[in-house]
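Here's the structure, in structure tokens; my notes come after.
In full-length UniProt numbering, the protein residues as written are 1 to 479.
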């Protein structure tokens with residue numbers, strides 16, 4: 001199908017090129033033929049006008065009837081050597097005073113002799129199929145009281161007709177030949193012009209899932225295809241990145257699901273290996289239910305991230321006081337904080353518009369992560385800052401071990417952990433920060449993290465358009 005489409009494109013461009021050339025050649029031929037025809041007409045008019053003036057001058061010198069009777073011989077003598085000319089002189093009553101041999105003039109031409117100026121000559125064909133071009137005019141005599149005579153002059157244009165017929169035959173033959181030649185040359189030019197597209201097609205066909213790192217060559221591509229090549233290379237870069245992320249995600253999913261599934265299978269097989277008291281079965285089922293609940297949360301989190309990656313997460317817009325949301329979450333984490341004697345504080349103010357459940361989940365993930373990595377007797381502080389033109393910023397700061405710089409850019413990746421030796425059961429599935437960033441990006445914001453000198457700060461950035469009803473609120477809640 002691709003080759004057929006390429007041939008079709010070549011055919012269309014070739015036909016367009018040939019048609020354009022043919023139209024130009026036809027127009028040029030028409031102009032040349034018209035110019036030649038006008039040239040012949042001007043030559044004939046020059047001869048006809050001269051002979052007409054000669055006849056008029058001869059008639060003006062006739063002052064008597066005798067002079068008038070001698071006029072035919074005088075005109076015949078003046079036409080010697082001009083076999084192609086025909087002259088006729090008519091009296092006012094229609095009598096023919098002089099006429100050359102086979103002088104056939106149309107009546108309409110002679111009747112129009114009274115017109116002061118004939119811009120164009122008249123062309124007609126005689127009885128013996130001779131084409132003539134002629135003009136007519138009135139001629140006054142030197143005889144007083146004598147009415148003007150009608151003089152008609154014509155010339156044979158047979159040789160002009162033969163030349164124009166031969167010229168047109170040659171011209172149209174050349175146009176047809178030129179159209180065929182331009183079609184062939186156009187086909188060759190189009191094929192050569194589309195060769196870079198064929199090269200791009202071959203290079204693209206060679207790119208597979210194992211060669212996504214390959215790029216289309218841009219150095220030998222014409223300028224007209226440079227943008228197309230750049231766009232395709234950018235698409236390949238996105239595909240490579242997406243494929244790499246998908247491969248890593250699939251590997252992480254398999255690794256994450258393998259452990260709880262193996263635990264469930266092993267524990268169930270061990271339990272079924274021999275008869276046990278009913279209490280032990282209850283303990284095993286409770287343990288299995290806990291593991292299955294963890295699996296269910298992990299699957300739900302992965303589905304949420306998949307929907308977020310495809311822009312399918314549509315947050316609702318409702319006014320929220322971020323400090324009130326943090327205060328509510330403090331109440332939820334109060335028992336865990338007291339167990340580790342961690343102090344929880346909140347300060348600042350800021351109101352935004354967004355989905356309450358989604359934003360509470362994002363903040364909760366940050367608080368859970370901070371409490372998990374804060375040592376006993378440490379501190380977790382939340383600060384909300386309405387920065388005006390730059391939006392609202394919520395930061396969660398906790399004391400603890402400093403995170404190395406090389407880990408910071410990847411902390412929001414799925415299943416990524418700074419210390420891979422940590423127990424999965426206590427550290428969760430490693431999706432919390434990834435979900436937090438997805439929630440923030442769905443709201444048009446973003447999440448960031450920094451760590452230095454024993455303090456780690458996670459920040460949520462809300463764009464200015466989400467900020468609503470700015471008024472001072474400040475809460476300090478020690479725990």
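Cβ atoms here follow ideal geometry from the backbone N, Cα and C, with glycine treated the same way.
Problem - Distance between beta carbons of residue 394 and residue 380, contact taken as under 8 Å - result: Contact between residue 380 and residue 394 fails: their C-beta atoms lie close to 13 Å from each other, not under 8 Å.
Problem - Straight-line gap, residue 55 to residue 70 (C-alpha atoms, nearest Å) - result: Each residue's alpha carbon lies about 13 Å from the other.
Handout entry: alpha helix (DSSP H) runs contained entirely in the stretch 305 to 381, provided each spans 4 or more residues
Key = Listed in chain order, the complete alpha helix (DSSP H) runs (minimum 4 residues) inside the stretch 305 to 381 are 322 to 339 and 356 to 373.
Problem - Residues near residue 230 by beta carbon distance below 8 Å, same chain, minus five either side - result: The residues are 218.
Problem - Contact check, residue 160 vs residue 40, beta carbons under 9 Å - result: Going by C-beta atoms, residue 160 is nearer than 9 Å to residue 40.
Exercise for the section: Say yes only if the C-beta of residue 234 is nearer than 8 Å to one or more non-hydrogen atoms of the ligand NAD, and no if none qualify. Expected result: Looking for the ligand NAD in the displayed structure turns up nothing, as the structure carries no ligands at all.
Practice task
Determine the extent of the beta strand (DSSP E) in which residue 490 is found, giving its start and end residues.
Solution key: Residue coverage of the chain in this structure runs from 1 to 479, which leaves residue 490 outside it and unanswerable.
Exercise for the section: Whole angstroms is fine: what's the gap from residue 90's alpha carbon to residue 68's? Expected result: Roughly 12 Å separates the two Cα atoms.
Exercise for the section: List the endpoints of the continuous beta strand (DSSP E) containing residue 483. Expected result: Here the chain comprises residues numbered 1 to 479, so residue 483 is not present and cannot be evaluated.
Practice task
Evaluate residue 402 with the Cβ neighbour count: other Cβ atoms within 10 Å of its Cβ, from every protein chain shown; 16 or more gives buried, anything less gives exposed.
Solution key: Exposed, since its Cβ has fewer than 16 Cβ neighbours within 10 Å.
Handout entry: Continuous beta strand (DSSP E) stretch holding residue 451: start and end
Key = Its beta strand (DSSP E) spans residues 446 to 452.
Handout entry: DSSP three-state assignment for residue 131, whether helix, strand or coil
Key = If DSSP states are grouped into helix, strand and coil, residue 131 belongs with the strands.
Exercise for the section: Could you tell me the distance, in whole angstroms, from the CA atom of residue 228 to the CA atom of residue 221? Expected result: CA-CA distance, residue 228 to residue 221, rounds to 10 Å.
Problem - Three-state secondary structure assigned by DSSP to residue 162 - result: Note: residue 162 maps to helix in three-state DSSP.
Exercise for the section: Would you list the residues sitting across from residue 85 in a DSSP beta bridge? Expected result: 155, per the DSSP bridge assignment.
Exercise for the section: Starting from the N-terminal side, write out each stretch of the beta strand (DSSP E) that is 3 residues or longer and does not extend beyond the UniProt domain "HAMP" (191 to 244). Expected result: Listed in chain order, there is nothing to give.
Handout entry: Of the residues 214, 48, 448 and 182, the one placed nearest residue 121, counting alpha carbons only
Key = Checked all of 214, 48, 448 and 182; the closest Cα to residue 121 is 48.
Exercise for the section: Taking only the alpha-carbon atoms, compute the straight-line gap between residue 349 and residue 454 and give it to the nearest angstrom. Expected result: Their backbone Cα atoms lie some 26 Å apart in a straight line.
Practice task
Give the range of the beta strand (DSSP E) segment to which residue 96 is assigned.
Solution key: From DSSP, the beta strand (DSSP E) with residue 96 extends over 96 to 99.
Handout entry: Assumed close pair residue 361, residue 439 - CB separation to whole angstroms, cut-off 8 Å
Key = At roughly 7 Å, the Cβ-Cβ gap stays under 8 Å, so residue 361 and residue 439 are in contact.
Problem - Of the listed residues 467, 264 and 257, nearest to residue 415 (C-alpha basis) - result: The option with the nearest alpha carbon to residue 415 is 257.
Problem - Sequence-distant residues of the same chain with beta carbon closer than 6 Å to residue 189, five excluded per side - result: Closer than 6 Å at the Cβ level, and outside the excluded window around residue 189, lies no residue.
Handout entry: For residue 113, three-class secondary structure by DSSP
Key = Note: residue 113 maps to helix in three-state DSSP.
Problem - Cross-strand partners of residue 383 (DSSP beta bridge) - result: Per DSSP, 347 and 395.
Problem - CA nearest to the CA of residue 30, picked from 107, 164, 85 and 17 - result: For residue 30, the closest alpha carbon among the candidates 107, 164, 85 and 17 is that of 164.
Practice task
May I ask you to list the residues that DSSP assigns as paired with residue 467?
Solution key: 352, per the DSSP bridge assignment.
Practice task
Tell me where the beta strand (DSSP E) around residue 402 begins and ends.
Solution key: No beta strand (DSSP E) holds residue 402; DSSP gives it neither H nor E.
Exercise for the section: Within 10 angstroms of the Cβ of residue 51, are there 16 or more other Cβ atoms? Answer buried if so, exposed if not. Expected result: Counting of Cβ neighbours within 10 angstroms places residue 51 among the buried residues, the total reaching 16 or more.
Handout entry: beta strand (DSSP E) segments (min. 3 residues) lying fully within the stretch 7 to 40
Key = Whole beta strand (DSSP E) segments, 3+ residues: zero.
Practice task
Quick one: grab the DSSP three-state call for residue 137.
Solution key: In the structure shown, residue 137 sits in a strand (DSSP, three-state: E or B).
Handout entry: Cross-strand partners of residue 295 (DSSP beta bridge)
Key = Answer by DSSP bridge pairing: none, since residue 295 is not bridged.
Practice task
State yes or no: is the C-beta of residue 14 within less than 9 Å of the C-beta of residue 124?
Solution key: With a cutoff of 9 Å on beta-carbon distance, residue 14 and residue 124 are scored as not near each other.
Problem - residue 386 and residue 443 closer than 9 Å at C-beta - result: No. Outside cutoff.
Exercise for the section: Locate the alpha helix (DSSP H) running through residue 436, then write down its first and last residues. Expected result: Following the DSSP letters along the chain, one finds residue 436 inside the alpha helix (DSSP H) bounded by residues 432 to 442.
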